[in-house]
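Colleague: In this note's numbering, the protein residues as written are 82 to 975. Glycine residues also receive a C-beta, built at the ideal position from the N, C-alpha and C atoms. These figures come from a predicted structure and were not determined experimentally.
1. What separation, rounded to the nearest whole angstrom, lies between the Cα atoms of residue 360 and residue 143?
2. Which full runs of the alpha helix (DSSP H) of 4+ residues lie inside the segment 785–868, going along the chain?
3. Assign residue 637 to one of two classes, buried (16 or more other C-beta atoms within 10 Å of its C-beta) or exposed (fewer than that).
4. Quick one: grab the DSSP three-state call for residue 538.
5. Roughly how many angstroms lie between the CA atoms of residue 530 and residue 710, to the nearest whole one?
6. Buried or exposed for residue 289, please, with buried defined as at least 16 other CB atoms from any protein chain shown within 10 angstroms of its CB.
7. Roughly how many whole angstroms lie between the Cα atoms of residue 847 and residue 894?
8. Which of the three DSSP states, helix, strand or coil, is assigned to residue 706?
9. Please classify residue 354 as buried or exposed, where buried requires at least 16 neighbouring CB atoms within 10 angstroms.
10. Rounded to the nearest angstrom, what separates residue 836 and residue 525 at their Cα positions?
11. Does the segment 539–552 touch the segment 489–498, meaning 3 or more C-beta pairs lie closer than 8 Å?
12. Kindly indicate which residue of 658, 594 and 583 has the alpha-carbon position closest to the one of residue 629.
13. With distances taken Cα to Cα, identify the nearest neighbour of residue 620 among 649, 587, 533 and 803.
14. Taking the alpha carbon of residue 444 as the reference point, which residue from 503, 470 and 924 has its own alpha carbon closest?
15. Sort 455, 484 and 133 by Cα distance to residue 534 and report the nearest one.
16. Find the nearest neighbour of residue 116 within the set 136, 102 and 101, judged by alpha-carbon distance.
17. Of all the alpha helix (DSSP H) runs that stay within the bounds of the segment 114–156, which reach a length of 4 or more residues?
18. From the DSSP output, in three-state form, read off residue 948 for me.
19. Please classify residue 980 as buried or exposed, where buried requires at least 16 neighbouring CB atoms within 10 angstroms.
20. Residue 613 to residue 866, Cα distance in whole Å?
21. Which of helix, strand or coil does DSSP assign to residue 393?
22. Helix, strand or coil for residue 957, going by three-state DSSP, please let me know.
23. Since residue 486 is in the alpha helix (DSSP H), which residue starts that stretch and which ends it?
24. Starting from residue 344 and walking both ways along the alpha helix (DSSP H), at which residues does that stretch end?
25. Are there 16 or more other CB atoms within 10 angstroms of the CB of residue 175, so buried, or fewer, so exposed?
26. Tell me whether the beta-carbon of residue 433 lies closer than 8 Å to the beta-carbon of residue 388.
27. With residue 276 and residue 197 assumed to form a contact (beta carbons below 8 Å), what rounded beta-carbon distance in angstroms separates them?
28. Can you check the segment 662–733 for any beta strand (DSSP E) of at least 3 residues that lies completely inside it and give the ranges in chain order?
29. Can you find the residues in the same chain that come closer than 7 Å, C-beta to C-beta, to residue 226, ignoring five residues on each side of it along the sequence?
30. To the nearest angstrom, how far is it from the Cα of residue 295 to the Cα of residue 187?
31. Buried or exposed for residue 943, please, with buried defined as at least 16 other CB atoms from any protein chain shown within 10 angstroms of its CB.
32. Considering Cα atoms alone, identify which of 224, 195, 322 and 291 is closest to residue 268.
33. Could you check what DSSP says for residue 654 in three-state terms: helix, strand or coil?
34. Could you check which residue in 951, 939, 450 and 302 has the C-alpha nearest to that of residue 920?
35. For the beta strand (DSSP E) containing residue 92, list its first residue and its last residue.
36. How would you label residue 259, buried or exposed, when you count the other beta carbons within 10 angstroms and need 16 or more for buried?
What follows is the structure in structure tokens.
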């Protein structure tokens with residue numbers, strides 16, 4: 082208003098009346114940094130003491146000093162710095178002036194002047210409300226996806242290029258067409274000219290080459306440290322002191338949103354927006370804001386490679402994480418703690434590359450004593466605190482790194498050569514002497530198989546106790562029963578634990594336990610039985626009290642008293658580890674067999690044999706591979722291509738079974754035409770093949786018959802031949818019996834298959850809901866009696882009884898029609914005993930265990946079925962449920 086008149090206000094009168102009558106003084110509305118800077122430069126004293134007409138609030142003064150400290154214009158005592166005096170000469174906002182001073186140092190003053198002048202005037206880019214899209218299209222040429230400051234440089238260059246080519250009126254019209262304010266551009270130009278003259282007077286020179294992005298933005302960053310932002314989720318940026326802001330939608334960086342930005346200003350509308358922003362590298366901040374950074378340190382630790390105590394450093398600026406987890410040398414920051422860590426880790430723990438004689442001597446001595454205490458399972462050496470005190474008393478303060486220690490040590494050892502040598506006698510604890518080495522051997526001898534043992538005394542740890550390392554190739558040669566004996570030094574303790582695991586009714590017979598343990602140690606030795614079996618026999622001889630296998634409870638025996646086994650491959654990589662050797666062996670049996678077969682053993686093998694021309698077939702050989710002594714079992718193997726070969730197998734049972742098959746092939750070759758005639762002229766073969774339908778192919782039956790005939794004629798009742806004379810004798814012995822045995826075996830096989838065929842016919846016609854359980858039991862029994870290969874797998878002494886067992890099945894099915902309830906009563910014990918046999922047979926199959934007692938139990942079960950369901954057929958021996966349970970006890974005790 083310049084004269085009297087009428088004022089029309091376009092808002093409510095209540096709003097007008099609520100406003101203060103006068104505008105606040107400018108001193109109360111302005112950031113005081115520039116005022117404080119000028120007062121300091123003119124030595125006008127403290128702002129708090131200056132007689133302002135309207136004194137500013139103390140918080141405004143504090144904010145002003147805080148900004149000046151950020152810009153390095155004042156120091157921590159609020160005294161003006163040399164840089165502050167230079168800043169006071171510039172008629173600019175202190176932030177912008179700081180940018181110019183930094184631009185001189187960074188060699189980008191030319192670009193810095195343009196940007197500072199632009200930030201000091203109103204943005205010349207116009208965006209009329211009704212033509213926003215058109216304005217945006219015109220302004221797009223200036224956009225830069227990394228920096229809005231560079232957009233100002235582009236605009237400056239464009240304006241001056243047009244000014245050189247156009248008249249003043251043409252330039253004004255061009256600016257209007259481009260939605261640029263000609264007046265503001267002139268204002269920008271004039272201010273730039275003024276600043277250029279001022280900086281020239283101050284001795285500042287323009288750069289001739291275009292400034293690099295990093296140099297220019299480092300200079301800008303010096304004035305904008307408080308406007309840093311770190312990208313968060315959902316497009317927000319975390320700013321200084323926990324404030325969140327967003328990029329202004331008109332920014333060239335709005336779409337890409339770099340991780341770190343700085344902004345010329347933060348404007349609060351519906352949100353807090355950052356305007357005129359640029360991508361920056363957080364690594365620049367540390368060099369520019371050293372006076373503002375806060376550093377924290379975590380996890381001080383010893384680093385063997387650098388021989389120093391390191392820590393993880395975190396550097397923040399106004400709460401923003403500039404650097405996270407940077408590894409730094411911690412020694413100079415906390416010498417006392419670093420020295421403590423150095424002694425404990427480098428010297429006490431031995432985690433140090435040191436060639437000094439004392440270091441190796443101390444390590445060897447401690448290793449020797451630790452091995453003794455590990456095996457004896459008692460403390461024999463000094464603890465870590467004792468070792469720490471030893472070094473702490475000798476090493477001076479300020480020694481906290483490897484290089485510093487070595488410098489001191491070399492000087493100190495000139496006068497005291499054994500200053501740092503540990504003494505064995507001083508380290509031994511008062512626990513008494515360690516046990517002798519014989520009780521804790523380095524290797525376990527398993528009948529010539531030498532396997533390494535290691536010891537750990539770490540109660541509660543997985544590897545506590547004794548660990549046996551078994552190469553994969555030897556897995557099938559390690560008897561679980563032998564591992565039950567552990568090592569001599571721990572055997573007494575294991576025996577005591579086993580005795581204490583017995584039920585109370587049995588345990589009371591063996592007190593005091595130490596006396597019985599002492600007696601057992603003198604009475605028993607590893608001899609193929611498990612420790613529990615040997616103890617049971619020994620205790621029965623001493624007391625007459627019998628202990629059955631289920632009475633022991635090895636699960637309660639302490640972990641360290643059970644052998645821990647680890648299986649390793651050829652490279653030493655652990656394939657399996659645990660204390661249940663039976664389970665590990667079952668899991669790796671096939672893989673171990675393949676690995677053993679892959680071992681190079683040319684001295685024991687031969688290919689494509691046609692006759693016994695390979696000398697003596699040794700039962701067992703020893704050889705060494707990868708430093709481990711192994712055992713192998715030579716076998717005459719029938720190869721899939723129809724030839725014979727000498728192979729080394731990993732178990733005697735497999736070698737014998739393979740050799741038996743190989744011998745049958747060799748016998749067939751030696752019989753020549755007679756064998757071919759035998760194969761063609763099998764009595765009743767056509768009838769058998771009809772009954773065999775559904776079980777397998779005709780040739781499968783023929784091969785099964787021929788195998789049994791050759792076994793019975795040549796191999797039954799004899800040890801397998803081990804040389805050519807024995808083999809020739811076997812041929813001569815078996816030839817005369819071949820014809821009779823052929824007839825005998827074919828008669829038995831024909832009878833079995835005929836009976837089987839008849840039972841299957843009856844079974845097919847037997848269907849009724851009440852018979853379901855009985856029929857399922859019958860089908861399971863038939864599958865166990867007759868299957869492809871049953872002739873060769875059924876023990877010779879039980880094979881002739883199969884027709885009777887099958888007839889008994891037929892009689893059971895006939896009786897089932899009339900008395901299903903009786904069948905159910907009679908089958909109860911049989912089903913229970915069959916389940917016991919099946920579970921044990923499955924366990925034995927996992928470890929390839931042959932148990933004669935379990936085999937007898939299996940066939941006595943068949944006799945029990947005859948006695949229960951077909952008494953008229955009679956049994957081969959007295960049999961009852963009680964006798965089967967007695968036989969089962971023999972199975973369990975074995």
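Modeller: In brief:
1. Counted from its first residue, the chain shown places residue 360 at position 279. Counted from its first residue, the chain shown places residue 143 at position 62. Near 30 Å, if we compare the C-alpha coordinates of residue 143 and residue 360.
2. Here the runs fully enclosed are 805–815, 819–846 and 853–866.
3. For this step, residue 637 is matched to residue 556 along the chain shown. Exposed is the call here.
4. Here the question's residue 538 lines up with position 457 in the chain shown. Three-state result, residue 538: coil.
5. As a first step, residue 530 is located in the chain shown; it is residue number 449 there, counting from the start. As a first step, residue 710 is located in the chain shown; it is residue number 629 there, counting from the start. For residue 530 and residue 710, the distance between alpha carbons rounds to 6 Å.
6. Stepping through the chain shown from its first residue, residue 289 is reached at position 208. Exposed, by the Cβ-count rule.
7. Here residue 847 corresponds to residue number 766 of the chain shown, with the count starting at 1. Here residue 894 corresponds to residue number 813 of the chain shown, with the count starting at 1. The alpha-carbon of residue 847 is positioned some 8 Å away from that of residue 894.
8. The residue you call residue 706 lines up with position 625 of the chain shown. Residue 706: strand per DSSP, three-state reduction.
9. Taking the chain shown and counting its residues from 1, the one referred to as residue 354 is at position 273. Classification of residue 354: buried, given that the 10 Å Cβ count is 16 or more.
10. Along the chain shown, read from residue 1 onward, the residue named residue 836 stands at position 755. Along the chain shown, read from residue 1 onward, the residue named residue 525 stands at position 444. For residue 836 and residue 525, the distance between alpha carbons rounds to 54 Å.
11. Judged by Cβ distances under 8 Å, the segment 489–498 makes no contact with the segment 539–552, as fewer than three pairs qualify.
12. As a working note, residue 629 is residue 548 in the chain shown. The residue with the shortest Cα to Cα distance from residue 629 is 583.
13. For this step, residue 620 is matched to residue 539 along the chain shown. When each option's Cα is compared against that of residue 620, the closest is 587.
14. The count along the chain shown starts at 1 and reaches residue 444 at position 363. Of the listed residues, the one whose Cα sits closest to residue 444 is 503.
15. Your numbering for residue 534 matches position 453 in the chain shown. Closest by C-alpha distance to residue 534, out of 455, 484 and 133, is 455.
16. Within the chain shown, numbered from 1, the residue matching residue 116 stands at position 35. Considering only alpha carbons, the answer is 136.
17. Those alpha helix (DSSP H) runs which fall completely within the segment 114–156 and span 4+ residues are 114–122 and 139–151.
18. Here the question's residue 948 lines up with position 867 in the chain shown. Reduced to three states, the DSSP call for residue 948 is helix.
19. For the chain, the structure presents residues 82 to 975; residue 980 sits outside this window and is missing.
20. To locate residue 613, count along the chain shown from 1; it is residue 532. To locate residue 866, count along the chain shown from 1; it is residue 785. Linking residue 613 to residue 866 through their CA atoms gives a straight-line distance of about 35 Å.
21. Locating residue 393 in the chain shown gives position 312, counting from the first residue. Three-state DSSP puts residue 393 in a strand.
22. Numbered from its first residue, the chain shown carries residue 957 at position 876. Residue 957: coil per DSSP, three-state reduction.
23. Translated into positions along the chain shown, residue 486 becomes position 405. Run containing residue 486: 483–496, per the alpha helix (DSSP H) assignment.
24. Here residue 344 corresponds to residue number 263 of the chain shown, with the count starting at 1. Following the DSSP letters along the chain, one finds residue 344 in no alpha helix (DSSP H) but inside the beta strand (DSSP E) bounded by residues 341–349.
25. Position 94 of the chain shown, counted from the start, is the residue given in the question as residue 175. Under this definition residue 175 is a buried residue.
26. For the purposes of this step, residue 433 is taken as the residue at position 352 of the chain shown. For the purposes of this step, residue 388 is taken as the residue at position 307 of the chain shown. Result yes, Cβ atoms of residue 433 and residue 388 sit closer than 8 Å.
27. Sequence index remark: in the chain shown, residue 276 carries index 195 (1-based). Sequence index remark: in the chain shown, residue 197 carries index 116 (1-based). Contact flag correct, Cβ pair sits at about 7 Å.
28. Here the runs fully enclosed are 687–690, 702–706, 709–719 and 725–730.
29. In the chain shown, counting from the first residue as 1, residue 226 sits at position 145. Exclusion of the five residues before and after residue 226 leaves 333, 334 and 337 as the residues of its chain whose Cβ lies within less than 7 Å of its Cβ.
30. For the purposes of this step, residue 295 is taken as the residue at position 214 of the chain shown. For the purposes of this step, residue 187 is taken as the residue at position 106 of the chain shown. Separation of residue 295 and residue 187 (C-alpha to C-alpha, rounded to the nearest whole angstrom) is 9 Å.
31. In the chain shown, counting from the first residue as 1, residue 943 sits at position 862. Using a 10 angstroms sphere on the CB of residue 943, the tally of other CB atoms reaches 16 or more, which defines it as buried.
32. Taking the first residue of the chain shown as 1, we reach residue 268 at position 187. If we check each option's Cα against that of residue 268, 195 comes out closest.
33. The count along the chain shown starts at 1 and reaches residue 654 at position 573. Note: residue 654 maps to coil in three-state DSSP.
34. As a working mapping, residue 920 is identified with position 839 in the chain shown. Of 951, 939, 450 and 302, the residue nearest in Cα terms is 939.
35. The residue you call residue 92 lines up with position 11 of the chain shown. That residue, residue 92, is in no beta strand (DSSP E); it is neither H nor E in DSSP.
36. If you number the chain shown from 1, residue 259 lands on position 178. The Cβ neighbour count for residue 259, taken over all protein chains shown within 10 Å, is at least 16; the residue is labelled buried.
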